[in-house]
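Notes for the one structure printed next.
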Amino acid sequence: MSVNEDLQATPVAAPVSGIADPAPLGLAAFALTTFLLSAFNAGWMTAGSGLAWLGYAFAYGGLCQLLAGMWEFRNRNVFGATAFSTYGGFWIGLFLYVQLVGAKLLAHPATASAFSKDVGWILLAFAIFNTYMLLWSTQVNMAVFAVFLTLELTEIILFIGNFSGSSGTVKFGGYVGVLTAICAWYASAAGVANGMGGRLAVPVGRPLLAPRA
(Lines of atoms letter the chains of each structure in order from A; the text may use other names.)
(Lines give C-alpha, C1' and ligand atoms only; values in the text may rest on other atoms or scores of the structure.)
Protein backbone atom coordinates (compact mmCIF):
# COMPACT_ATOMS: atom_id res chain seq x y z
CA MET A 5 0.00 0.00 0.00
CA SER A 6 1.35 3.40 -0.95
CA VAL A 7 1.65 6.31 1.46
CA ASN A 8 -1.25 8.12 -0.23
CA GLU A 9 -3.46 5.04 -0.04
CA ASP A 10 -2.54 4.58 3.62
CA LEU A 11 -3.48 8.20 4.42
CA GLN A 12 -6.77 7.87 2.58
CA ALA A 13 -7.63 4.68 4.46
CA THR A 14 -6.91 6.23 7.87
CA PRO A 15 -10.07 7.77 9.41
CA VAL A 16 -9.72 11.41 10.45
CA ALA A 17 -10.89 12.16 14.00
CA ALA A 18 -13.60 14.78 14.31
CA PRO A 19 -12.36 18.05 15.85
CA VAL A 20 -13.11 18.40 19.54
CA SER A 21 -14.08 21.76 21.05
CA GLY A 22 -11.24 23.15 23.10
CA ILE A 23 -13.40 25.11 25.53
CA ALA A 24 -15.56 24.16 28.48
CA ASP A 25 -19.35 24.45 28.38
CA PRO A 26 -20.13 28.19 28.79
CA ALA A 27 -23.82 27.60 29.63
CA PRO A 28 -23.38 27.44 33.45
CA LEU A 29 -21.66 30.83 33.37
CA GLY A 30 -24.36 32.36 31.20
CA LEU A 31 -27.11 30.96 33.41
CA ALA A 32 -25.41 32.15 36.60
CA ALA A 33 -24.94 35.66 35.18
CA PHE A 34 -28.58 35.78 34.13
CA ALA A 35 -29.76 34.40 37.49
CA LEU A 36 -27.90 36.87 39.71
CA THR A 37 -28.87 39.97 37.77
CA THR A 38 -32.47 38.82 37.48
CA PHE A 39 -32.57 38.17 41.21
CA LEU A 40 -31.29 41.64 42.10
CA LEU A 41 -33.75 43.43 39.82
CA SER A 42 -36.64 41.17 40.82
CA ALA A 43 -35.93 41.66 44.52
CA PHE A 44 -36.24 45.41 43.90
CA ASN A 45 -39.49 44.93 41.95
CA ALA A 46 -40.84 42.73 44.75
CA GLY A 47 -40.21 45.54 47.25
CA TRP A 48 -37.55 43.72 49.24
CA MET A 49 -34.85 46.40 49.00
CA THR A 50 -36.48 48.95 51.27
CA ALA A 51 -33.23 49.51 53.16
CA GLY A 52 -31.22 50.05 49.98
CA SER A 53 -31.29 52.27 46.93
CA GLY A 54 -32.80 49.55 44.75
CA LEU A 55 -30.07 50.07 42.17
CA ALA A 56 -27.84 47.19 43.24
CA TRP A 57 -28.70 45.44 39.97
CA LEU A 58 -27.55 48.26 37.69
CA GLY A 59 -23.78 47.72 37.60
CA TYR A 60 -24.19 43.96 37.42
CA ALA A 61 -26.61 44.36 34.52
CA PHE A 62 -23.62 45.62 32.54
CA ALA A 63 -20.71 43.59 33.93
CA TYR A 64 -22.22 40.21 34.81
CA GLY A 65 -25.66 39.76 33.31
CA GLY A 66 -24.55 41.71 30.24
CA LEU A 67 -20.89 41.20 29.46
CA CYS A 68 -20.41 37.71 30.93
CA GLN A 69 -23.61 36.45 29.33
CA LEU A 70 -22.63 37.94 25.98
CA LEU A 71 -19.26 36.18 26.22
CA ALA A 72 -21.03 32.92 27.04
CA GLY A 73 -23.12 33.40 23.92
CA MET A 74 -20.02 33.93 21.78
CA TRP A 75 -18.46 30.77 23.18
CA GLU A 76 -21.66 28.88 22.41
CA PHE A 77 -21.19 29.90 18.77
CA ARG A 78 -17.78 28.25 19.02
CA ASN A 79 -19.50 25.13 20.37
CA ARG A 80 -21.98 25.20 17.46
CA ASN A 81 -24.86 25.46 19.95
CA VAL A 82 -27.29 27.72 18.12
CA PHE A 83 -29.85 27.73 20.94
CA GLY A 84 -27.36 28.68 23.66
CA ALA A 85 -25.61 31.20 21.43
CA THR A 86 -28.86 32.96 20.56
CA ALA A 87 -30.25 32.92 24.11
CA PHE A 88 -27.14 34.09 25.96
CA SER A 89 -26.14 36.70 23.38
CA THR A 90 -29.65 38.13 23.28
CA TYR A 91 -30.10 38.39 27.03
CA GLY A 92 -26.56 39.67 27.43
CA GLY A 93 -27.59 42.43 25.03
CA PHE A 94 -30.82 42.89 26.99
CA TRP A 95 -28.99 43.64 30.23
CA ILE A 96 -26.41 45.91 28.60
CA GLY A 97 -29.19 47.72 26.74
CA LEU A 98 -31.25 48.12 29.91
CA PHE A 99 -28.21 49.51 31.74
CA LEU A 100 -27.60 52.05 28.96
CA TYR A 101 -31.27 53.00 28.75
CA VAL A 102 -31.53 53.65 32.50
CA GLN A 103 -28.28 55.62 32.57
CA LEU A 104 -28.76 57.67 29.42
CA VAL A 105 -32.54 58.06 29.16
CA GLY A 106 -34.40 56.70 32.17
CA ALA A 107 -32.61 58.80 34.77
CA LYS A 108 -33.63 61.99 32.95
CA LEU A 109 -37.25 60.86 32.67
CA LEU A 110 -37.47 59.92 36.34
CA ALA A 111 -35.99 63.27 37.38
CA HIS A 112 -39.16 65.09 36.33
CA PRO A 113 -42.66 64.09 37.56
CA ALA A 114 -44.18 65.04 34.20
CA THR A 115 -42.11 62.44 32.32
CA ALA A 116 -41.76 59.74 34.99
CA SER A 117 -44.67 57.73 33.60
CA ALA A 118 -42.93 57.60 30.21
CA PHE A 119 -40.17 55.57 31.85
CA SER A 120 -42.61 52.80 32.82
CA LYS A 121 -44.12 52.82 29.33
CA ASP A 122 -40.68 52.49 27.76
CA VAL A 123 -39.80 49.57 30.03
CA GLY A 124 -43.13 47.99 29.14
CA TRP A 125 -42.37 48.13 25.42
CA ILE A 126 -38.89 46.68 26.01
CA LEU A 127 -40.35 43.79 28.01
CA LEU A 128 -43.00 43.14 25.37
CA ALA A 129 -40.35 42.92 22.65
CA PHE A 130 -38.29 40.43 24.65
CA ALA A 131 -41.39 38.44 25.57
CA ILE A 132 -42.00 37.95 21.84
CA PHE A 133 -38.44 36.68 21.41
CA ASN A 134 -38.75 34.52 24.51
CA THR A 135 -41.94 32.89 23.20
CA TYR A 136 -40.22 30.98 20.41
CA MET A 137 -37.17 30.30 22.58
CA LEU A 138 -39.57 28.79 25.13
CA LEU A 139 -40.91 26.48 22.42
CA TRP A 140 -37.40 25.40 21.36
CA SER A 141 -36.34 24.90 25.00
CA THR A 142 -38.70 21.92 25.10
CA GLN A 143 -35.97 20.11 23.15
CA VAL A 144 -33.20 20.86 25.67
CA ASN A 145 -34.16 19.67 29.17
CA MET A 146 -36.68 20.39 31.90
CA ALA A 147 -34.33 22.67 33.85
CA VAL A 148 -33.79 24.98 30.87
CA PHE A 149 -37.50 24.81 29.98
CA ALA A 150 -38.35 25.96 33.52
CA VAL A 151 -36.05 28.97 33.10
CA PHE A 152 -37.74 30.10 29.89
CA LEU A 153 -41.24 29.37 31.18
CA THR A 154 -40.83 31.45 34.35
CA LEU A 155 -39.02 34.14 32.36
CA GLU A 156 -41.92 34.32 29.91
CA LEU A 157 -44.34 34.81 32.78
CA THR A 158 -42.09 37.44 34.37
CA GLU A 159 -41.81 39.48 31.18
CA ILE A 160 -45.55 39.37 30.49
CA ILE A 161 -46.52 40.30 34.05
CA LEU A 162 -43.99 43.13 34.21
CA PHE A 163 -45.06 44.38 30.79
CA ILE A 164 -48.66 44.60 32.00
CA GLY A 165 -47.62 46.18 35.30
CA ASN A 166 -45.39 48.82 33.75
CA PHE A 167 -47.78 49.69 30.95
CA SER A 168 -50.80 49.98 33.25
CA GLY A 169 -48.87 51.71 36.02
CA SER A 170 -49.92 49.02 38.50
CA SER A 171 -47.35 48.76 41.30
CA GLY A 172 -49.06 45.62 42.61
CA THR A 173 -48.65 43.85 39.29
CA VAL A 174 -44.99 44.89 39.09
CA LYS A 175 -44.49 43.56 42.62
CA PHE A 176 -46.05 40.24 41.63
CA GLY A 177 -43.77 40.19 38.58
CA GLY A 178 -40.86 40.63 40.98
CA TYR A 179 -41.87 37.49 42.85
CA VAL A 180 -42.06 35.50 39.62
CA GLY A 181 -38.71 36.99 38.60
CA VAL A 182 -37.13 35.68 41.79
CA LEU A 183 -38.49 32.24 40.87
CA THR A 184 -36.92 32.66 37.43
CA ALA A 185 -33.57 33.41 39.04
CA ILE A 186 -33.83 30.32 41.24
CA CYS A 187 -34.56 28.14 38.19
CA ALA A 188 -31.58 29.64 36.34
CA TRP A 189 -29.28 29.13 39.34
CA TYR A 190 -30.40 25.51 39.55
CA ALA A 191 -29.69 24.93 35.85
CA SER A 192 -26.30 26.62 36.26
CA ALA A 193 -25.41 24.50 39.30
CA ALA A 194 -26.42 21.38 37.40
CA GLY A 195 -24.24 22.38 34.46
CA VAL A 196 -21.22 22.90 36.70
CA ALA A 197 -21.70 19.64 38.63
CA ASN A 198 -22.44 17.51 35.60
CA GLY A 199 -19.67 19.13 33.57
CA MET A 200 -17.12 18.24 36.24
CA GLY A 201 -17.99 14.57 35.87
CA GLY A 202 -17.57 13.91 39.60
CA ARG A 203 -19.66 11.97 42.06
CA LEU A 204 -22.24 14.71 42.52
CA ALA A 205 -24.67 14.84 39.61
CA VAL A 206 -27.67 17.15 39.48
CA PRO A 207 -30.75 16.02 37.51
CA VAL A 208 -32.02 18.34 34.78
CA GLY A 209 -34.87 16.20 33.43
CA ARG A 210 -35.47 14.94 29.95
CA PRO A 211 -36.63 17.25 27.16
CA LEU A 212 -40.37 17.51 26.68
CA LEU A 213 -39.87 17.00 22.95
CA ALA A 214 -37.05 14.80 21.70
CA PRO A 215 -34.84 16.64 19.19
CA ARG A 216 -34.55 15.30 15.68
CA ALA A 217 -32.13 12.39 15.28
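Take the numbering used here: the last position of the sequence shown gets the number 217, and nothing is skipped along the way.
Think of the CB as a built atom: it goes at the ideal place given N, C-alpha and C, for glycine as much as any other residue.
Small disclaimer: the values here were computed from a predicted structure and weren't measured.
At 3 residues or longer, and completely inside the region 81 to 118: list those beta strand (DSSP E) runs for me, N to C.
For the region 81 to 118, not a single whole beta strand (DSSP E) run of length 3 or above is found.
Under 9 Å between the Cβ atoms of A129 and A191?
No. Outside cutoff.
Would DSSP call T142 helix, strand or coil?
Looking at T142 - three-state DSSP - the assignment turns out to be coil, as it is neither helix nor strand.
How big is the Cα-Cα spacing for T158 and R203?
Roughly 35 Å separates the two Cα atoms.
Classify L55: buried if its beta carbon has 16 or more other beta carbons within 10 angstroms, exposed otherwise.
Looking at its Cβ environment, which holds fewer than 16 other Cβ atoms inside 10 Å, L55 is exposed.
Span of the alpha helix (DSSP H) holding P28?
27 to 45 is the extent of the alpha helix (DSSP H) around P28.
Flag this pair as yes or no: are the beta carbons of F34 and F88 separated by less than 9 Å?
Closer than 9 Å, so yes.
For a test of the three-state rule: what should DSSP assign to L204, helix, strand or coil?
Residue state, collapsed to three classes: coil.
Measure the beta-carbon distance from L183 to T154 and round it to whole angstroms, keeping in mind my assumption that it falls under 8 Å.
About 5 Å; that satisfies the 8 Å criterion.
Rounding to the nearest angstrom, what Cα-Cα distance links V174 and W57 in this structure?
Computed Cα separation, rounded: 16 Å.
Under DSSP, the alpha helix (DSSP H) around L55 begins and ends at which residues?
Here L55 belongs to no alpha helix (DSSP H), and DSSP marks it neither H nor E.
If you count every other CB in all the chains shown that lies within 10 Å of the CB of G169, and 16 or more means buried, which is it?
Exposed.
Below 7 Å CB to CB, which residues in the same chain sit around I161 once its five sequence neighbours on both sides are set aside?
T173, F176, G177, V180.
With a threshold of 6 Å on Cβ separation, who are the neighbours of I126 within its own chain once the five nearest residues in sequence on each side are excluded?
Excluding sequence neighbours, I126 sits near nothing in its chain.
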